[in-house]
Amino acid sequence: HAKQAGGNTYAQYSRDFTDYARDRVLLAADLRQALERNELVLHYQPQVDLISGEVVGLEALVRWEHPTQGMISPGRFIPMAEDTGLILPLGRWVLRQACVQARAWREAGLDFGTVAVNVSGVQVQRSDFVETVGAVLRETGVDPALLELEITESFVMDRRQGSEELLRQLKSLGVFLAVDDFGTGYSSLSYLKSLPFDALKIDQSFIRGISLNPHDAAIASAITTLGGHLNMEVLAEGVETREQQEALLALGCHRAQGYRFSHPVAAKDIPEILRRATLMPDDAKIPHH
Ligand code: C2E
Ligand code: MG
Ligand code: MG
Ligand code: MG
463 HAKQAGGNTY AQYSRDFTDY ARDRVLLAAD LRQALERNEL VLHYQPQVDL ISGEVVGLEA
523 LVRWEHPTQG MISPGRFIPM AEDTGLILPL GRWVLRQACV QARAWREAGL DFGTVAVNVS
583 GVQVQRSDFV ETVGAVLRET GVDPALLELE ITESFVMDRR QGSEELLRQL KSLGVFLAVD
643 DFGTGYSSLS YLKSLPFDAL KIDQSFIRGI SLNPHDAAIA SAITTLGGHL NMEVLAEGVE
703 TREQQEALLA LGCHRAQGYR FSHPVAAKDI PEILRRATLM PDDAKIPHH
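In terms of the UniProt record's numbering, the sequence shown opens at residue 463 and continues consecutively.
This is the structure:
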């Protein structure tokens, strides 16, 4: 049996798989209670103008402060929440929390541009999604123009029955619609043209190599040009270095988010960030002659 097999790959695989499956079962049970126990928290990552370094938006990113495992990243529990249906109450909580926070910042006189909320394809497919978004906006008193919804390209391109109509209804609420992880999901460009999106977010996998790999640069450039022609804003995700920033500016992309400007931070740290004139690091300043 497995014990005698020692380093046998099947035994190893089966143990890893069991750990993984157990992890999922345990986490799924915990996640069910996490919402009631207030263990979920939103962090916010600034989105900046690449020339001025001014904040143009904030992306809400959910974290789970697990009582025994510490901070768990969404990559570990969002897929599970999608499989179990927990994404529906979780997604509603995220949307409401981001709107409550946006309202509070506005009342404090802070200008954050828009607050962006990630929504799962599982949420969007529900027949009551538009109603839910409308209700949250009304209940929290947030101007719809301050809310941006990020939908991943893979969902958008699914061409599910009625998804065009659904996006149009969302748009008619007055919210801003962005395609997340653009470039990874096999877009049909003629289909994209017919959808009411306001922005494209270039996936960070293309930004990683942008200053070194001509293919990544070519893709980022093509997305920027496409967005411009379709009248959409284009924002680069995952900008970490000055070289990446300069490569983006050279190809005409003027918005970004990434560790170079700010990591995602707790809500309490946002007011101080918004009071700064710029998030541009000093090394970006072009010397005058
Ligand atoms: P995303 O929406 O594409 O978010 C960008 C991810 O990149 C975030 O990871 C962010 O922390 C990370 N990031 C930002 N700047 C940099 C950088 O300079 N370098 C690198 N390497 N990474 C950077 P995070 O917070 O772990 O979220 C991962 C994904 O989980 C998100 O990808 C999104 O798809 C999903 N997610 C997060 N919050 C929610 C949520 O509230 N609802 C749903 N449905 N999905 C969420
Ligand atoms: Mg915005
Ligand atoms: Mg996102
Ligand atoms: Mg992304």
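Each residue gets a CB set at the ideal place from its N, CA and C atoms; glycine is no exception. If you're wondering where the values come from, they're calculated on a predicted model, not measured in any experiment.
Ends of the beta strand (DSSP E) at residue 663?
According to the DSSP assignment, residue 663 belongs to the beta strand (DSSP E) that extends over 661-664.
For residue 733, name the three-state secondary structure that DSSP assigns.
Helix, per DSSP.
Report yes if the C-beta distance between residue 487 and residue 502 is below 9 angstroms; otherwise report no.
Cβ distance not < 9 angstroms, so residue 487 and residue 502 don't count as in contact.
Hey, how far is the Cα of residue 714 from the Cα of residue 510?
Cα to Cα, residue 714 sits roughly 15 angstroms from residue 510.
Compute the Euclidean distance between the alpha carbons of residue 505 and residue 540, then round it to the nearest angstrom.
Residue 505 and residue 540 have their C-alpha atoms some 15 angstroms from each other.
Rounded to whole angstroms, what's the CA-CA distance from residue 574 to residue 607? Just pull it up for me.
Residue 607 has its alpha-carbon roughly 12 angstroms from the corresponding atom of residue 574.
Counting C-beta neighbours from all protein chains within 10 Å, is the total for residue 663 16 or more, i.e. buried, or is it exposed?
So residue 663 counts as buried.
Just to confirm, are residue 718 and residue 697 a CB contact at a threshold of 9 angstroms?
Yes, the pair counts as a contact, with Cβ atoms nearer than the cut-off.
What are the start and end residues of the beta strand (DSSP E) that includes residue 508?
Its beta strand (DSSP E) spans residues 502-511.
Three or more C-beta pairs under 8 angstroms: does that hold for the stretch 697-709 against the stretch 724-738?
Proximity of the stretch 697-709 to the stretch 724-738 falls short of the contact definition, fewer than three beta-carbon pairs being nearer than 8 angstroms.
With a CB to CB cut of under 7 angstroms and the five nearest residues on each side skipped, what residues in its chain are close to residue 590?
Closer than 7 angstroms at the Cβ level, and outside the excluded window around residue 590, lies no residue.
Shorter than 8 angstroms, the distance from the beta carbon of residue 544 to the closest heavy atom of ligand 3, or not?
Residue 544 has its CB no nearer than 8 angstroms to any heavy atom of ligand 3.
Spatial neighbours of residue 703 within its chain, please: C-beta separation below 8 angstroms, excluding the five flanking residues on both sides.
Taken in chain order, the residues that qualify are 673, 722.
I'd like the list of long-range same chain contacts for residue 585, defined as Cβ closer than 7 angstroms, with 5 residues on each side in sequence excluded.
Within the same chain, 549, 550, 553, 591 come within 7 angstroms of residue 585 by CB-CB distance, once the 5 residues on both sides are set aside.
Quick check on residue 617: does DSSP put it in helix, strand or coil?
DSSP places residue 617 in helix when its eight states are reduced to three.
Kindly provide the chain-ordered list of residues whose Cβ lies closer than 7 angstroms to any non-hydrogen atom of ligand 4.
Those satisfying the condition are, in chain order, 642, 643, 663, 665, 666, 699.
Return the CA-CA distance between residue 464 and residue 489, expressed in angstroms with no decimal places.
Caution applies to residue 464, whose pLDDT of 43 falls short of 50 and renders its modelled position unreliable; the model cannot decide the point.
Which of the three DSSP states, helix, strand or coil, is assigned to residue 486?
Helix, per DSSP.
Taking 8 angstroms as the cut-off, is the beta-carbon of residue 721 closer than that to any non-hydrogen atom of ligand 1?
A distance criterion of 8 angstroms places the beta-carbon of residue 721 in contact range of ligand 1, judged by its closest non-hydrogen atom.
In terms of residue numbering, what span does the beta strand (DSSP E) encompassing residue 577 cover?
For residue 577, the uninterrupted beta strand (DSSP E) segment begins and ends at 576-581.
What residues in its chain sit with their C-beta under 8 angstroms from that of residue 555, if we drop five residues either side in the sequence?
497, 502.
Compute every distance between the C-beta of residue 695 and the non-hydrogen atoms of ligand 3, then say whether any falls below 8 angstroms.
It does not: the Cβ of residue 695 is nowhere closer than 8 angstroms to a heavy atom of ligand 3.
Can you find a heavy atom of ligand 1 that lies under 8 angstroms from the Cβ of residue 520?
Shortest gap from the CB of residue 520 to any heavy atom of ligand 1: 8 angstroms or more.
Alpha carbon of residue 485 to alpha carbon of residue 538, nearest angstrom
C-alpha separation (whole angstroms): 10 angstroms.
For ligand 3, is there a heavy atom less than 8 angstroms away from the beta-carbon of residue 612?
Remark: the shortest separation between the CB of residue 612 and any heavy atom of ligand 3 falls under 8 angstroms.
Buried/exposed call for residue 519, threshold 16 Cβ in 10 Å
Burial call: buried.
Between the beta-carbon of residue 615 and the beta-carbon of residue 578, is there less than 9 angstroms?
It is not a contact, given that the beta carbons lie outside the stated cut-off.
Let's see if you can read the secondary structure: which residues bound the beta strand (DSSP E) around residue 522?
Residues 517-528.
Determine which residues share a DSSP beta bridge with residue 639 and list them.
Under DSSP, the beta-bridge partners assigned to residue 639 are 611.
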